[in-house]
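Colleague:
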Amino acid sequence: MLMAHPAVLRSLIEQYETLMLLEAESGARDARQRIGDVAYTLCVATGTGDIDSALVAARYQLPGARPQDDSLLAAGPVNLPSGAITGILR
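Using the numbering used here, read the sequence shown as starting at 943 and increasing by one per residue.
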């Protein structure tokens, strides 16, 4: 798969975030159209199907991204009620 240059990804992320703020403040129709265009481009550039996944993938490809980045995972252990797992395995 072809990979977009990190500078292009950084620019697209910045454009998307700026347009989201602009649209939130003014509700401008042209901002909404441009958001859709940038979101589509991010999805194509990262090989993803939705903007949330595209943003995560793009940020992961930027210089300085940690290869073992687990920032999307829970910060600590998950505490399940007693017997929760055995109920699932039955």
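Backbone N, C-alpha and C fix where the C-beta goes; we use that ideal spot for every residue, glycine too.
Compute the Euclidean distance between the alpha carbons of residue 979 and residue 944, then round it to the nearest angstrom.
Modeller: In the sequence shown, counting from the first residue as 1, residue 979 sits at position 37. In the sequence shown, counting from the first residue as 1, residue 944 sits at position 2. Cα to Cα, residue 979 sits roughly 20 Å from residue 944.
Colleague: If residue 1002 sits next to residue 981, beta carbons under 8 Å apart, how far is it from one beta carbon to the other, in whole angstroms?
Modeller: Here residue 1002 corresponds to residue number 60 of the sequence shown, with the count starting at 1. Here residue 981 corresponds to residue number 39 of the sequence shown, with the count starting at 1. The Cβ separation is near 17 Å, so there is no contact.
Colleague: Any contact between the segment 946-958 and the segment 984-998? By contact I mean 3 or more CB pairs, one from each, below 8 Å.
Modeller: Judged by Cβ distances under 8 Å, the segment 946-958 makes contact with the segment 984-998, as three or more pairs qualify.
Colleague: Which value, in whole angstroms, describes the spacing of the CA atoms of residue 977 and residue 965?
Modeller: Within the sequence shown, residue 977 is the residue found at index 35, counting from 1. Within the sequence shown, residue 965 is the residue found at index 23, counting from 1. Between residue 977 and residue 965, the C-alpha separation is close to 9 Å.
Colleague: Given residue 996, which residues of its chain have a CB within under 6 Å of its CB, disregarding the five upstream and five downstream residues?
Modeller: Working through the sequence shown from its first residue, we reach residue 996 at position 54. Correct list, in chain order: 984, 985, 988, 990.
Colleague: Does residue 950 come out as helix, strand or coil in the three-state DSSP assignment?
Modeller: On the sequence shown, residue 950 is found 8 positions in, with the first residue counted as 1. Looking at residue 950 - three-state DSSP - the assignment turns out to be helix.
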